[in-house]
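Numbered by numbering that gives the first Met the number 0, the letters in the sequence shown go through residues 0 to 423 in order. Glycine included, C-beta positions come from ideal geometry on N, C-alpha and C. These numbers were taken from a predicted model, which means no experiment stands behind them.
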Amino acid sequence: MFNRREDIYCERVYSPWTDLDKIMREQQIPLFAIESQDPIKDFDFLGITLQYEMCYTNILQVLDLGQIPLHAANRTEADPIVIGGGPCAYNPEPLAPFFDLFYIGEGETVYFDLMDRYKEAKAAGKSRLEFLEMAAQIPGIYVPAFYDAEYYEDGRLKSFTPNNPHAPATVTKQLVMEMDGAYYPEKPVVPFIKATQDRVVLEIQRGCIRGCRFCQAGMVYRPVRERGLEHLKELAYKMLKSTGHEEISLSSLSSSDYSELEGIVNFLIDEFDGKGVNVSLPSLRIDAFSLDVMSKVQDVKKSSLTFAPEAGSQRLRDVINKGLTEEDILHGSAEAFKGGWNRVKLYFMLGLPTETEEDMEGIALLSQKVAEEYYKIPKEERVGRVQVTASSSFFVPKPFTPFQWARMCTKDEFYTGRTWSTTR
């Protein structure tokens, strides 16, 4: 999006692995951008996506290797403006001392406004502080230095007030409401090494109509906004042609809820029939999955189906508001097996509020029941052996969700299997 403008160039940089980190420190090589290999400290801006809390230490590594002062208060006119964005920017305070500003919301909205203010400030010879004051007046831009936070003894936020007249009392997240008019990459970068997800990703909608109590994305990306079918057809064609990828993933928080799902799948099947293009449908809900869509996708190269029951027992699925019964799960699995699939992935979480040992055992029991559905199909109609993969992650309470104040299990609790309900 930035590189479409003649007056901006944007490059990539990543946190190096420990072996390269060691060499760069020993030889005092500043962290550099991939395309030009210019040191990142020489750029006007350094934008960092805050995707996961566990990556926070990598942010400090990037700044340190880049020879950029860790704390925003210590940066000079010669240092880049460090911007944080992405999902974790919705709760910026843990990282506030390290960032000059945060972009709260979706990047397609006011980023060009920010760039224009910067060019204006540079042309007028304004200081770093004066630019930040200009930036703070843009909706969605949060400059931590312009606010004073006061906390209770237990760490909860007591008050949050601006200390600069240019800073608004409330920072409002930015949303793209017209999805077809928003920028989307038609020529995504193609890696020359084997990537974990080696495919074209086509976002079909943003937001989710469901209300799972643990899910931050479902809360902060509201409301649901769909991309139009004709727009998606055009994007899919251009992206597959420009990359040569053999798989396209229709991405959203709940793909089954996209109103034109059958239309886009039919287009991909018809357009790329016989060309070995695999259609991947992540984030499907078993209770809403269309057998007709499923049967059409099987005409292309086979892949596994992924479902997310999240909890092993019906009691715990009700607690998290998953809206999915065991009957739904087994019926949906049976329909998938009848449609020609024999590989199913099931996603679960451990450490959910009120979890008991029975809930944990339910993960194995439910996975077994799913596998048994396969063998209810006549032997001559089966496609090889069934493969059911159950994976579990750990519950992390997220801001702006109903479970934001729930406690997270400790490492010892996860290792020993002691549960939330028995140790609180």
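Check: Inter-residue CB distance, Leu-345 and Ala-389 (contact presumed, cutoff 8 Å); Outcome: 5 Å
Check: Coil, strand or helix - Arg-116 by DSSP; Outcome: helix
Check: Val-219 vs Tyr-89 beta-carbon contact at 8 Å; Outcome: yes
Check: Length at least 4, wholly inside the stretch 106 to 154: the alpha helix (DSSP H) runs in chain order; Outcome: 110 to 122 and 127 to 135
Check: Helix, strand or coil at Arg-3 according to DSSP, with G and I counted as helix; Outcome: helix
Check: Assigned exposure category for Ala-123 - 16 Cβ within 10 Å defines buried; Outcome: exposed
Check: Where the beta strand (DSSP E) containing Tyr-102 begins and where it ends; Outcome: 100 to 102
Check: Cβ contact (3+ pairs, closer than 8 Å) linking the stretch 150 to 159 and the stretch 129 to 137; Outcome: no
Check: DSSP three-state assignment for Gln-386, whether helix, strand or coil; Outcome: strand
Check: DSSP beta-bridge partners of Tyr-374; Outcome: Its beta-bridge partners do not exist; DSSP assigns none.
Check: Helix, strand or coil at Gly-331 [DSSP, three-state]; Outcome: helix
Check: Continuous alpha helix (DSSP H) stretch holding Ser-241: start and end; Outcome: 228 to 242
Check: Collapsed DSSP secondary structure at Ser-366 in the structure displayed; Outcome: helix
Check: Cα-Cα separation between Lys-157 and Ala-168, rounded to whole angstroms; Outcome: 15 Å
Check: Three-state class that DSSP yields for Thr-353 in the structure shown; Outcome: coil
Check: Rounded separation between Lys-125 and Pro-187 - CA only; Outcome: 36 Å
Check: Bridge partners - Gln-27, DSSP secondary structure assignment; Outcome: Looking at the DSSP assignment, Gln-27 forms no beta bridge with any residue, so it has no partner.
Check: Meets three-Cβ-pair contact criterion under 8 Å: the stretch 25 to 38 and the stretch 53 to 67; Outcome: yes
Check: Backbone CA spacing between Trp-340 and Val-292 [nearest angstrom]; Outcome: 13 Å
Check: Whether Ala-120 touches Met-133 by CB criterion (8 Å); Outcome: yes
Check: Burial state of Lys-321 (16 or more Cβ within 10 Å); Outcome: buried
Check: Cβ pair count under 8 Å reaching 3, the stretch 356 to 367 against the stretch 400 to 407; Outcome: no
Check: Neighbourhood of Ile-376 by C-beta, 7 Å cutoff - its chain only, sequence neighbours within 5 removed; Outcome: Phe-336 and Lys-337
Check: Those residues which DSSP pairs with Tyr-346 across a bridge; Outcome: Ser-390
Check: Cβ neighbour criterion (16 or more within 10 Å) applied to Leu-349; Outcome: buried
Check: For Thr-305, the residue or residues it bridges with in DSSP; Outcome: Lys-344
Check: Residue interval of the alpha helix (DSSP H) (run including Val-318); Outcome: 313 to 318
Check: Residue range of the beta strand (DSSP E) that includes Gly-157; Outcome: Reading off the sequence shown, one finds Lys at residue 157, where the question assumed Gly. Unbroken beta strand (DSSP E) run through Lys-157: 156 to 161.
Check: Residue interval of the alpha helix (DSSP H) (run including Phe-413); Outcome: 410 to 415
Check: Between the CA atoms of Ala-216 and Leu-100 - distance to the nearest angstrom; Outcome: 22 Å
Check: Pick from His-165, Ala-310, Arg-384 and Glu-261 that is closest to Leu-131, judged by C-alpha positions; Outcome: His-165
Check: Beta-carbon proximity list for Ile-33, same chain, < 8 Å, skipping 5 on both sides; Outcome: Glu-10, Arg-11, Val-12 and Tyr-13
Check: Exposed unless 16 or more other CB atoms sit within 10 angstroms - verdict on Ser-35; Outcome: exposed
Check: Residues of its chain near Arg-74, where Cβ-Cβ distance is below 6 Å and the 5 sequence neighbours each way are ignored; Outcome: Pro-68
Check: Residues of its chain near Tyr-373, where Cβ-Cβ distance is below 6 Å and the 5 sequence neighbours each way are ignored; Outcome: Phe-336 and Val-385
Check: Burial state of Val-142 (16 or more Cβ within 10 Å); Outcome: buried
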